[in-house]
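Peer 1: The numbering of the sequence shown is the numbering used here, which starts it at 124 and goes up by one.
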Amino acid sequence: MENFKIEVDGDGIALVTFDVPGRTMNTLTASVIREIGELVETIKSDAAIKGVVFTSGKTTGFCAGADLGELGGSGGIGGGGDLKAAFDAGFALNKSFRALETSGKPVAAAINGLALGGGLEFTLACHYRVVADNPKIQLGLPEAKVGLLPGGGGTQRLTRLMGVMAAAPYLLEGKSMKPAEALGFKVVHEVVPAGTEVEAAKTWIKTKGDPVAPWDKKDFKIPGGGPYSAGGSQVFVMGNAMLRKTTYGNYPAQLNIMKAVYEGLQVPFDAAIRIETRYFLKTLMSPQAKGMIRTLFLSLQELGKGAGRPAGVPHYDVKKVAVLGAGMMGAGIAYVQAMAGIETVLIDQTQEAADKGKGYAEGLVKKAVSRGKLTQEKGDAILALIHPTADYANVKGSDLVVEAVFENRDVKAQVTKLAEAQLAEGAIFGSNTSTLPITGLAKASVRPKDFIGIHFFSPVDKMGLVEIIMGEETSQEALAKSIDYVLKIKKTPIVVNDSRGFYTSRCFGTFVQEGMELLADGYAPAIIDNVGRATGMPRGPLEMHDDVALDLSYKIAQQTKKDLGDKYEERPFTAIIEKMVEGEGRYGRKNGKGFYDYPENGPKTLWPGLAQLAPTKIAEVDKAGIEEIRTRLLYRQAVEAARCFEENVITDPREADVGAILGWGFAPWTGGPISLIDGVGVAKFVEACDQLAQKYGARFAPPALLRDMAAKGETFYGRFGAKTKAAA
Ligand code: NAD
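1) Is the Cβ-Cβ distance between A445 and V524 less than 7 Å?
2) Hey, would you say the C-beta of E596 is under 6 Å away from at least one heavy atom of the ligand NAD?
3) Going by the CB atoms, is the gap between G480 and L469 shorter than 7 Å?
4) Report the option in Y710, K740 and K713 whose CA atom is closest to the CA atom of A643.
5) Ignore the nearest five residues each way along the sequence and tell me which others in A850's own chain have a CB closer than 6 Å to its CB.
6) Roughly how many angstroms separate the alpha carbons of A764 and V619, rounded to a whole number?
7) According to the neighbour-count rule (16 or more other Cβ atoms, all chains shown, within 10 Å of its Cβ), is T658 buried or exposed?
8) Hey, out of K382, S226 and L610, whose CA is closest to S168's CA?
9) For a test of your reading of the model: does the CB of M148 fall under 6 Å from any non-hydrogen atom of the ligand NAD? Yes or no.
10) Please confirm whether any heavy atom of the ligand NAD lies closer than 6 Å to the CB of I470.
11) Evaluate H438 with the Cβ neighbour count: other Cβ atoms within 10 Å of its Cβ, from every protein chain shown; 16 or more gives buried, anything less gives exposed.
12) Determine the closest residue to I156 out of M365, I396, L546 and M124, with distance taken between C-alpha atoms.
13) Can you tell me which residues form a DSSP beta bridge with T627?
14) Can you tell me which of the three DSSP states N531 falls into?
15) Within 8 Å, do at least three Cβ pairs link the region 749-758 to the region 807-820?
16) Taking 6 Å as the cut-off, is the C-beta of G563 nearer than that to any heavy atom in the ligand NAD?
17) If V310 and A303 are in contact, beta carbons under 8 Å, what's the gap, nearest whole angstrom?
18) Residue range of the beta strand (DSSP E) that C186 falls in?
19) Just curious, the alpha helix (DSSP H) that P350 is in, first and last residue?
20) Would you call the region 393-406 in contact with the region 248-260, where contact means no fewer than 3 C-beta pairs closer than 8 Å?
21) Below 8 Å, how does it come out for the region 622-633 and the region 589-596: are there three or more Cβ pairs, yes or no?
22) Can you tell me whether I800 is helix, strand or coil according to DSSP?
23) Classify S493 as buried or exposed, calling it buried when 16 or more other Cβ atoms lie within 10 Å of its own Cβ.
24) Could you tell me which uninterrupted alpha helix (DSSP H) segments, each at least 4 residues in length, are contained entirely in the region 127-175, listed from first to last along the chain?
25) Assign A849 to one of three DSSP states: helix, strand, or coil.
26) Can we count E530 as close to the ligand NAD, meaning its CB is less than 6 Å from some heavy atom?
27) Any idea which residues DSSP pairs F574 with across the strands?
28) Would you check if the distance between the CB atom of L641 and the CB atom of F718 is smaller than 7 Å?
29) Within 6 Å: the Cβ of A248 and any heavy atom of the ligand NAD?
30) What do you get for A737, buried or exposed, if any count of 16 or more other CB atoms within 10 angstroms of its CB means buried?
31) In whole angstroms, what separates the C-alpha of D132 from that of G180?
32) In this structure, how does DSSP classify T178 when only helix, strand and coil are distinguished?
33) Check whether the region 342-358 touches the region 380-399, taking contact to mean three or more Cβ pairs, one atom from each stretch, closer than 8 Å.
34) Can you check the region 451-481 for any alpha helix (DSSP H) of at least 4 residues that lies completely inside it and give the ranges in chain order?
35) So, helix, strand or coil for I612, using DSSP?
36) What is the residue span of the alpha helix (DSSP H) that A816 lies within?
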């Protein structure tokens, strides 16, 4: 066998070592699944084998689960459209695991590291589980996070071990557990010192070795009761309501997991796993799962390896970085750099302001130490890397500068000159501006080839995306070096070309604006935000507008008006914002006054005065009305993303989708705005946008690119995937 090695000892115990060649981590590839089937046959038929212990040959862990590259690809299960063949393929793993469980021989899993998804399911099909005592080990079923359902018996075995209530967060949210927690839940039987798992598993086989799973015993009872018991029925009644509240029906995976558990727990185990496989396939073949696997797993992984990096530039190891401006953003950037081992010079106008910026990192480190996530020694070493100062001479020796001073062209020009005076040849200057075009800012630079946009998101330590912006003169070398930096601080880079609002702010802005359009149309604010949330966006457009700050969008509108002159299109909602900011001093969440009031103790409430500024004309909407608001909010963003392709602001569908979900929280169930358009079909999307444009105006008008793609029957991933393929 390619992936498993079998050694039978003197006691007749077969030690099967799982070790996929050429990979750092075991996954369940098609070849592994086939060999598991063969292994089970050998175990059953070889009389010399009295018992089996499975372990892993990888130091990284036991198994990370399904190979999502294979599963999510067009050649994956169900790709050919033959449902019978899809069921057989989808059921293969369940069938082998069940055959192992009912082989009549005791089987134990010696878990030396993480066991996730199909990896954990593998061990759940063993009669006994021993895990190494290491709190870093994760055991869990993360499938739901990428829109999938555990399809190797996980929905049936975990609930029968833990009870439905306790298993719910692990199945529905993809939470993982540490060995000690797993022991508490009786998901594993023993936690032993690392390195002794195999020995402990063999001892169990020799001393107890019970080859019957709990659910195959006559007296088996589901912990907490099944769906028709008093306790169990409550779980499902409450669970359904909670599911609706958290997913708004956007995520088939969670609903199908609930259905598989509900139906599966009422029938014998062999029927239960067939039910699971049906729901597994239904989920796998949904456009939501396809989009989520592609964006949230495959593309994210590719971009995390530098897929957008120009080839041919040697790796740039950034060791020292100067951060200009120790405000909210600068302080966060200094912290993530120090965490990545980068020496950081943190500069502000005064020593006091710079020290205050370092204080942010000190606070975070203190918290991590108190929670046992970091030792005091490591925490001190991280903080020692941050040097707060007001003296630009300390920029000397930096490989990179990240500028995060006030959003003001003159201030930025001044600090660019001060920092560049200290920089050696080949060092890069990155600006964290959120709105000012990079090409314009680069005019202050004597080395525009090395000048680039490195746009972080707030809060820097939590947000995983960095948008890299190419100015007109930025070199490919500067791009490669910037990507190396972003990867070093463990963030995901996307690369865009210069444009007003770049890619992320520009598209996100349309969501907030469409919320304002709905308000000006007379929709009740509560309807706008409720439907906004139901689209799968993290919050409604008015709430998000409050978070971003109303005075900021007011200022940006004023600036845009000035810049665009006659081309600026005045909208009815601009008057509402003007009155709120100028007349009422309502700046949003930051001063506790926006569309909502934010009382100190208590939840936010809609500002009553809004009724005068934007009188409600539509206080009720039917199902079709809700659908139209939903479409307006999502399609408005998607059509803007398509315009960004047409204008060459963004060029890679993977970056567009990953950037949207990580950057501004675009509804994850879609797989991103570009996957949304591809999923709907470009021609259908164009037709819908034409109708919206007729009713609501040119902001919905599909760009020529979309019409061309519709005429040719193309998709974004097909047409723009060439770059993707070339890079691969
Ligand atoms: P901030 O006001 O919190 O911080 C700016 C800091 O720059 C202040 O501490 C200020 O003292 C310092 N500063 C001003 N002039 C300076 C000079 N000549 N030399 C050194 N330091 C100087 O602002 P912020 O929110 O951290 O934003 C900084 C930049 O990041 C802006 O360009 C902003 O547009 C951009 N940005 C902000 C966000 C966000 O969510 N706040 C997100 C992405 C990008």
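Cβ atoms here follow ideal geometry from the backbone N, Cα and C, with glycine treated the same way.
Peer 2: In this structure, then:
1) Yes, Cβ-Cβ distance for A445 and V524 is below 7 Å.
2) For the ligand NAD, not one heavy atom lies less than 6 Å from the Cβ of E596.
3) Yes. Within cutoff.
4) Nearest C-alpha to A643: K740.
5) With a pLDDT of 46 at A850, under the threshold of 50, the modelled position of this residue cannot be trusted, and the question is left open.
6) Whole-angstrom Cα-Cα distance: 12 Å.
7) By the 10 Å Cβ count, T658 comes out buried.
8) Per the Cα distances, S226.
9) No, Cβ of M148 sits at least 6 Å from all heavy atoms of the ligand NAD.
10) Yes, since a heavy atom of the ligand NAD falls inside the 6 Å radius drawn around the Cβ of I470.
11) With fewer than 16 Cβ atoms within 10 Å of its Cβ, H438 is classed as exposed.
12) Nearest option by C-alpha distance: M124.
13) Paired residue(s): none; T627 is not in a bridge.
14) In this structure, N531 counts as coil in the three-state DSSP scheme.
15) Taking 8 Å as the limit for Cβ pairs, the verdict is that the region 749-758 does touch the region 807-820.
16) No, the beta carbon of G563 sits no closer than 6 Å to any heavy atom of the ligand NAD.
17) About 11 Å; that fails the 8 Å criterion.
18) Membership of C186 in the beta strand (DSSP E) is indicated by the continuous run G184 to C186.
19) Taken as a continuous stretch (DSSP letters only), P350 belongs to no alpha helix (DSSP H), as it is neither H nor E.
20) Touching, no, given that fewer than three Cβ pairs across the two stretches are closer than 8 Å.
21) Yes: at least three Cβ pairs fall under 8 Å.
22) The three-state reading of DSSP puts I800 in helix, counting H, G and I together.
23) Using a 10 angstroms sphere on the CB of S493, the tally of other CB atoms stays under 16, which defines it as exposed.
24) Counting only runs of 4 or more residues that sit fully inside the region 127-175, the alpha helix (DSSP H) segments are 153-168, in chain order.
25) Because the pLDDT at A849 is just 46, under 50, the model does not fix this residue reliably, and the value given afterwards should be weighed accordingly. A849 falls in the helix class under three-state DSSP.
26) Yes, the Cβ of E530 comes within 6 Å of a heavy atom of the ligand NAD.
27) Partner(s): F552.
28) Between L641 and F718, the C-beta gap is not smaller than 7 Å, which leaves the two residues out of contact.
29) Taking 6 Å as the cut-off, the C-beta of A248 does not count as close to any heavy atom of the ligand NAD.
30) Buried, since its Cβ has 16 or more Cβ neighbours within 10 Å.
31) Approximately 18 Å between the Cα atoms of the pair.
32) T178: strand per DSSP, three-state reduction.
33) With the cut-off at 8 Å, the region 342-358 and the region 380-399 touch.
34) For the region 451-481, whole alpha helix (DSSP H) runs of length 4 or above, ordered along the chain, are 451-462.
35) In the three-state scheme derived from DSSP, where H, G and I count as helix and E and B as strand, I612 is classed as coil.
36) Looking at the DSSP string, the run of the alpha helix (DSSP H) that includes A816 is V805 to Y819.
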